[in-house]
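For reference, the structure is listed below as structure tokens.
Put into structure tokens, the structure is as follows:
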């Protein structure tokens, strides 16, 4: 991102090797815009379990954004929210900021925190 380029691109990564959860390859938005990232699966993963969303800025470690489908992790701005409808989970950024440019991915997991 540069000051003369106010559009951001968010790269989205599949959740695990079998790629049973599907995300669009990228989502772009302008600063201040509402952006939604979807993660689609099936009744055997997203439909039945919790969903976590993770953010990775190049050169930085992995950061938990959302856990338990809709709970924000500590220190995560309230512009981030998570939801689920049927077999699709959604991460929404209500007002896109420059620092939100990153890789995002979703994981479905059960109550014992085992990835499914």
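Numbering (mature numbering (1 follows the signal peptide of the UniProt record, and there is no 0)), first residue to last: -22 to -1, 1 to 94.
We put the CB at the ideal spot given by N, CA and C, even for glycine.
Just so it is clear, the structure is predicted and the values come from calculations on it, not from any experiment.
Here's a check: name, in chain order, each residue in its chain whose Cβ is nearer than 8 Å to the Cβ of residue 32, leaving out the five neighbours to either side. Here residue 32 corresponds to residue number 54 of the chain shown, with the count starting at 1. The residues are 40, 41, 42, 43, 82, 83, 84 and 85.
Outcome for residue 88 when other beta-carbon atoms lying within 10 angstroms are tallied against a minimum of 16: Within the chain shown, numbered from 1, the residue matching residue 88 stands at position 110. Flag for residue 88 reads exposed.
Counting along the chain, where does the beta strand (DSSP E) carrying residue 11 start and finish? On the chain shown, position 33 is the one that residue 11 refers to. Residue 11 -> no beta strand (DSSP E), and no H or E assigned at all.
DSSP three-state assignment for residue 78, whether helix, strand or coil: The count along the chain shown starts at 1 and reaches residue 78 at position 100. In this structure, residue 78 counts as helix in the three-state DSSP scheme.
Determine the closest residue to residue 56 out of 63, 48 and 62, with distance taken between C-alpha atoms. On the chain shown, position 78 is the one that residue 56 refers to. The shortest C-alpha separation from residue 56 is found at 48.
Give me the residue from 80, 5, 9 and 24 with the minimum Cα distance to residue 61. Working through the chain shown from its first residue, we reach residue 61 at position 83. If we check each option's Cα against that of residue 61, 24 comes out closest.
Buried/exposed call for residue 1, threshold 16 Cβ in 10 Å: Position 23 of the chain shown, counted from the start, is the residue given in the question as residue 1. Counting Cβ neighbours within 10 Å, residue 1 comes out buried, since at least 16 surround it.
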